[in-house]
Amino acid sequence: MAAGKKRDIAVLYGGRSVEHEISVITALQLMKALDPVKYNVIPVYIAPSGRWYTGNSLFEKNCYRNWASCQHTLTAVSLQPWPGIGGLKVEGGSLLKRFSTLLTGRFDTIPVDVFLLAFHGEYGEDGCIQGLLEMAEFPYTSCDVTSSAIAMNKYLCKSILRDHGIKVLPSKVARKFDAIHNLKSVTDSILQTPGLERFPLFIKPNHLGSSIGIAKAEDIESLHAALAKVFLYDTEAIVEPCLESMFEINVSVISSDPTRASVVEIPVATSGALSYEDKYMRGGGKKKGARSQGMASLVREIDPAALDSTIKEQVTSSALKAFEVLGCCGVVRFDFMHDNTDGSIYFNELNPQPGSLSFYLWVKSNPRFLYTEELDVLIESALKRRSQLASRERELGFMALK
Amino acid sequence: MGSFSILDLAQATLVVVGAALFIRRRSLRYLSALQQDEYAPDRFWAWYAKRAAYDKRGTFWSIIIFAAGAAAFGQGDVLSTLLAIAAFMGYLVLALLEPDPRTSGKIKLVLTKRAKQILLTHFSILVIIFVAVACASLYIPEGFAVYYTALFLIFVIQFIPVSLTLSVKALQPLEEYVQQRYFKQASATVRQSGAYVIGITGSYGKTSTKNALGEILQITRGATFWPRKGINTLMGNTREIRSSLSKHHQYAVIEMAAYRRGSIAKLCELAPPKAGIITAIGIMHLERFGSAEEIYRAKTELARAIPEDGILVCNGDDPGARRAAEEFPKKTTIIYGFDSERGHLDCRMFDIASTIKGSTFKIQWRGREFSGSTGLLGKPALSNLMAVFGMACALGSDPNYVLAAFRNLKPVDNRLSIEKAGEVVRLKDAYNSNPSGFEAALDILRELPASNRLLITPGMIELGDRQYEENSRLARISATICDKVIFVGSTNRAAFESGLREGGFDMNNAVFVSNRDTGLEKLREMESPGDVTLIENDLGDWYEDRSKF
Amino acid sequence: MSSTRINSVILGECGNRTPIILLHGWARSLSDLLPLGELLSADYPVHVLDLPGFGDSGMPQESWDTIQYARRILQYLDDNGLAKVNLLGHSFGGRVTLRLARLAPERIEKIILIGSHGLSPKRSFYQALRIWAIRRGAVILKWIDAFFKTTLFKNWFTPRYGSQDYLAAGALKGTLVKTVTEDQSAELPKITAPALLIWGTEDLAAPLEMGRRMAHLIPRARLLELPHQGHDPFLDVNAHLCAYHILPFLAEGQDVKEAVGNG
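Respectively, the protein sequence lines represent chains A, B and C.
Just so you know, we're using our numbering here: the first sequence kicks off at 1 and counts up by one.
Just so you know, we're using our numbering here: the second sequence kicks off at 1001 and counts up by one.
Just so you know, we're using our numbering here: the third sequence kicks off at 2001 and counts up by one.
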């Protein structure tokens, strides 16, 4: 029964980040899970060039690998940064269309009700696209500008949460252009930071999420090499001590009514911590053939029965608190580390747009969310947030300018 | 006016329509080959001759129709109508059997603006021919008979590649105008960006040196532009510069290939270099240049273009490169190499050890000694690394920082890369195509600890009249290193076999197979734990393209 | 027939809810439908079966048709004390589901068909032409082979144009031949159970038009069309989407005859 119109959901993904590929995998997966009865799914892909495209070919995996030929079958679109357009602007088009736009000033639009974001990395996860969507006053499903920006800066995120009673490891930020200027003084100041005096140390890009460029340093030379590796991808590196004996423990939180936390998971890696290769290129347990399942196929233990329930509670309550403090929305994933030597639990990272939107955690939670249900929740909460924001007074008129 | 009936005309049209479907598909295939050869008619025709890509299927069918039509001529309308229908069906089947190069094949056809223009011109030529012949047929008795039409179609089908190349030639002035405009835009972009341009030239190692230098400068100096992949022509670099070079780039690393005299000079006009690297001046492609001296002149166009106060980095192990350093002195000239016997070295690498994780080495530079390691293997790769080291340090990078970045470098898969497959180690060098690379790979094979050393290769190709000699030589070297050899194919078999014998190889341990798949199967049988296998120059493409015309 | 063993996986608690039986498609096995089964098992007991001749189930002694398959499944219900079940069938399993719905309507509460076969497909002119050409080509080639002692048919023709299912069928060739052309259109209007049909719009094996005809023929049917999905719209994440629609369908008391989705 067609009770009410279908909502136009634009799935926005891709982007000019090193984690572009992961974004495509997450998006292709979630587009299969969206309910076609309630929603009209519109894929909007931001190509590596930065341009936006839409079209039916985007549903096929091959389109992205044979981009040159696929591109010609798609429609270029853009988002104007002001409200009232009701959707995406269609760029270019046939000669006739362009001429008519020239004459009338009106252009073709693709109507959109809600933007469903599936980005990973810079521009999509760090507040940039969120800013554009705010200016155009569209509802969107991810964290807002502030929480996205904080989440993507590991150092700042940890500092804020530490202030609110959540344990974090000591850390120091090293800057790329300081290192170019004087590598030795940068490494000296790292090693003089309290908590970082001894090897091994863990070095990561300060701004990315997906474990590209992470490295462990056992000595000065490997510290230099680790910094060099990070500075290829980021302008800041964050250095932390290496916990010799630890395991990672993650939990997802979603802005349903009330805010809920999922079951925890313990990702299993071949080495100390997960690298990009571990997360996205290893075969998982239950996939068939060579289907890319992204985070969902990583070898992991979800809701392990043997895990001490106090650990689960601590992780869950820290995550819920952090979610509230940072003002997150949508679905996020908090990554913690459990230090086996003294049982401390440290906050490690916040992923404002987690891989596969952590559906594999929600399907095992109680009460469970099927992926389709999870997406329903995200869309509803995006709409609710937008109407809350619409309750702000905007115009004061001119008072000072006389 | 000849005598013809409407029925004849209808039959002829039916046959032509069927053939047109086939011609359209076939045209796309030839266009795809043309596009892969960068629309260079001479390269296209070389491919055409080598692959014997002249049409067989369409012509064969046309001959059948012609013969049947001639026999059935005058035997009644029913017969000729049936024949016309059969001809149409036959062409339709052939059209359906033609692979669509837009969606199949290793390198797909992309209908760019230029490709579409060429197609349009090509089809226009064919349509004009059809119309002309149709008008002429009005005056020929039996002009529209089926057999006559089939005969005409044989010519048209064989004419397709000619028409395509004519279209390319006809559109050449337009293309040149467009390229000229692009060139102006690109060189303006380079000027406005203010980027410091570094050119890289040499008979081999250009791409890997460019990629490594680009990455190292990006880390240790600042924003660096470099075209990915092996783009080294004027057109390719123009395109990349127009699309990706911005005002924010501090450095630009451009790979420059000497296809003929003046190609590098033109690239230096596009992006005037302030520094350059010469990796080697070999004597390959003698046919293109005429003499070794001509080759030298062409490849040193970069050295010529660099200003006096610039930086020139040359491979001291290569006599040609060393000569260039002496003939074109700059304010900062750096000569790198392994062998100090050949002359002075500013940057010298020594104490090289290869392991399954990569190489460790020491570098002597400006009076100091540094230790380093990297994931890359083999002297050619390490030589390129010295070039990068020299250039980066000359530009002001901290040598320790440069070496730190080297540690993260890994070989591209199948360019002397190492892979552990269970208990067996595979040294993959399938993309290598030159003898010194092969030798370097054999060196690594010798150095790695192994219970048995295996080699699988089809030998080296495209070496002109030196092919027999080089393959034989490499076989002799392999004989002293390898315990078992699997040789693929027949092209170089004689040379390799004789080389193995001369090298004293136990021929019981040599296996000769006809194709790659059989070879890989044999390899799986012959490998045992602890073995190291070198997979050399195993160009899959060589064997895979079996498409028929 | 009763001796042919059926391998099954039983999921979920045996509560008082009507169990769901999942039947996979041709040349597949229960592992296809396990992920979907696991999702459904949170609310219902689920039996995922290997059809006789596939997976770990036994091979029928003779070539069965779908009625015999249905009878065997009925016997499985009897053997396991299942008075009333919901049936879910994919592709070939769908044929069996339809048969069983007619064979023992009092045992079936509701049925779910995913990309199910059961009717003769309506082919476009081009497709029919191609099939005609392939059949004629096969005859001609066999004649050539016999005359010239070549093996063109086996080595060149069959890998390209032969039915992959037939080639791989092995001992089940007889069953395949018996079932592949069957058309149950006369039986469908007599099915009393409410039916949910889930179809990928890009399904090539069981075209969407077949799903639409089925939904039209079965009296209490509802069709859910999944855009951009093919013949297996229950794999990976799609299992979530299917479960999302199947669970409310099973739970609802009413029945409505309509098409939803892009119908």
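By construction, the Cβ of each residue, glycine as well, lies at the ideal position given by its N, Cα and C atoms.
Check, Outcome
"In this structure, does DSSP put residue 289 (chain A) in helix, strand or coil?", "Reliability fails at residue 289 (chain A), whose pLDDT of 35 lies under 50, so the model's placement of it is uncertain and no value is given."
"Got a sec? Which residues, its chain only, sit under 6 Å from residue 2098 (chain C) by beta carbon, not counting five neighbours each side?", "2118 and 2184"
"To the nearest angstrom, how far is the alpha carbon of residue 183 (chain A) from that of residue 1401 (chain B)?", "7 Å"
"Using a Cβ-Cβ distance cut-off of 7 Å, determine whether residue 75 (chain A) contacts chain C.", "no"
"Would you call the region 1339 to 1346 of chain B and the region 1291 to 1301 of chain B in contact, with 3 or more CB pairs under 8 Å?", "no"
"For the region 220 to 249 of chain A, enumerate the residues whose C-beta is nearer than 8 Å to any C-beta of chain B, in chain order.", "221, 222, 224, 225, 227, 228, 229, 231 and 232"
"Residue range of the beta strand (DSSP E) that residue 339 (chain A) falls in?", "331 to 339"
"Using 8 Å as the cut-off, can you tell me whether the region 1420 to 1433 of chain B makes contact with the region 1363 to 1371 of chain B, which would need three or more C-beta pairs spanning the two stretches below that distance?", "no"
"Taking one C-beta from the region 1243 to 1257 of chain B and one from the region 1221 to 1229 of chain B each time, how about it: are there three or more such pairs within less than 8 Å?", "yes"
"So, for residue 63 (chain A): in the same chain, excluding its five sequence neighbours on each side, which residues have a beta-carbon less than 7 Å away from its beta-carbon?", "57 and 70"
"Residue 185 (chain A): buried (16+ other C-beta within 10 angstroms of its C-beta) or exposed?", "exposed"
"Could you pull the start and end residues of the beta strand (DSSP E) that residue 1251 (chain B) belongs to?", "1251 to 1255"
"Quick check: the Cα distance between residue 87 (chain A) and residue 136 (chain A), rounded to an integer number of angstroms?", "9 Å"
"What separation, rounded to the nearest whole angstrom, lies between the Cα atoms of residue 148 (chain A) and residue 316 (chain A)?", "20 Å"
"For residue 1530 (chain B), count neighbouring C-beta atoms within 10 Å of its own C-beta (all shown protein chains included) and say buried if the count is 16 or more, exposed if not.", "exposed"
"Can you name, in chain order, every residue of its own chain whose Cβ lies under 6 Å from the Cβ of residue 1339 (chain B), other than the five neighbours on each side?", "1317"
"Compare the C-beta of residue 68 (chain A) with all C-beta atoms of chain B and state if any pair is closer than 7 Å.", "yes"
"Name the DSSP bridge partner or partners of residue 325 (chain A)?", "Paired residues: none, contrary to the question."
"In whole angstroms, what is the alpha-carbon distance linking residue 443 (chain A) and residue 323 (chain A)?", "Coverage of chain A is limited to positions 1 through 402, which leaves residue 443 (chain A) absent and any answer about it impossible."
"Among the residues of its own chain, which have a CB less than 6 Å from the CB of residue 176 (chain A), if the five just before and after it don't count?", "231 and 235"
"Take the Cβ of residue 290 (chain A) as the centre, count every other Cβ of all protein chains shown within 10 Å, and call the residue buried at 16 or more, exposed below.", "Note that residue 290 (chain A) scores 37 on pLDDT, short of 50, meaning its location in the model is unreliable and no value can be drawn from it."
"Residues of chain A with CB closer than 7 Å to the CB of residue 2244 (chain C), please, in chain order.", "35, 370, 372 and 373"
"Contact defined as beta carbons within less than 8 Å: I believe residue 153 (chain A) pairs with residue 207 (chain A). What is the distance between those atoms, to the nearest angstrom?", "6 Å"
"Do you know offhand how far residue 381 (chain A)'s Cα is from residue 331 (chain A)'s?", "10 Å"
"Which chain C residues sit within Cβ distance under 8 Å of residue 5 (chain A)?", "Going along chain C, no residue has its Cβ under 8 Å from residue 5 (chain A), so there is no contact; the nearest lies around 14 Å."
"Is the distance from the Cβ of residue 78 (chain A) to the Cβ of residue 89 (chain A) below 7 Å?", "yes"
"Rounded to the nearest angstrom, what separates residue 287 (chain A) and residue 299 (chain A) at their Cα positions?", "For residue 287 (chain A), the predicted structure reports a pLDDT of 33, less than 50, and the residue's modelled location is therefore unreliable. A value from the coordinates is still provided. Distance between the alpha carbons of residue 287 (chain A) and residue 299 (chain A) is about 11 Å."
"Does any CB atom of chain B fall closer than 7 Å to the CB of residue 180 (chain A)?", "yes"
"Name the chain B residues that come within less than 7 Å of residue 183 (chain A), Cβ to Cβ?", "1398, 1400 and 1401"
"Roughly how many whole angstroms lie between the Cα atoms of residue 1206 (chain B) and residue 1329 (chain B)?", "22 Å"
"Kindly say whether residue 1407 (chain B), judged by its beta-carbon, lies nearer than 7 Å to any beta-carbon of chain A.", "yes"
"Starting from the beta carbon of residue 1110 (chain B), find every residue of chain E whose beta carbon is closer than 7 Å, and list them in chain order.", "Looking for chain E here will not work: the only protein chains present are A, B and C."
"In the DSSP assignment, find the unbroken alpha helix (DSSP H) run with residue 82 (chain A) in it and report its ends.", "Careful: residue 82 (chain A) lies outside any alpha helix (DSSP H) and carries neither H nor E."
"Is there a C-beta anywhere in chain A that falls below 7 Å from the one on residue 1220 (chain B)?", "yes"
"Check whether the Cβ of residue 341 (chain A) sits closer than 6 Å to any heavy atom of the ligand SAH, and report yes or no.", "Of the ligands one can find in the structure shown there are none, so the ligand SAH has no counterpart to examine."
"What residue ranges within the region 1328 to 1373 of chain B form continuous alpha helix (DSSP H) runs of no fewer than 4 residues, ordered along the chain?", "none"
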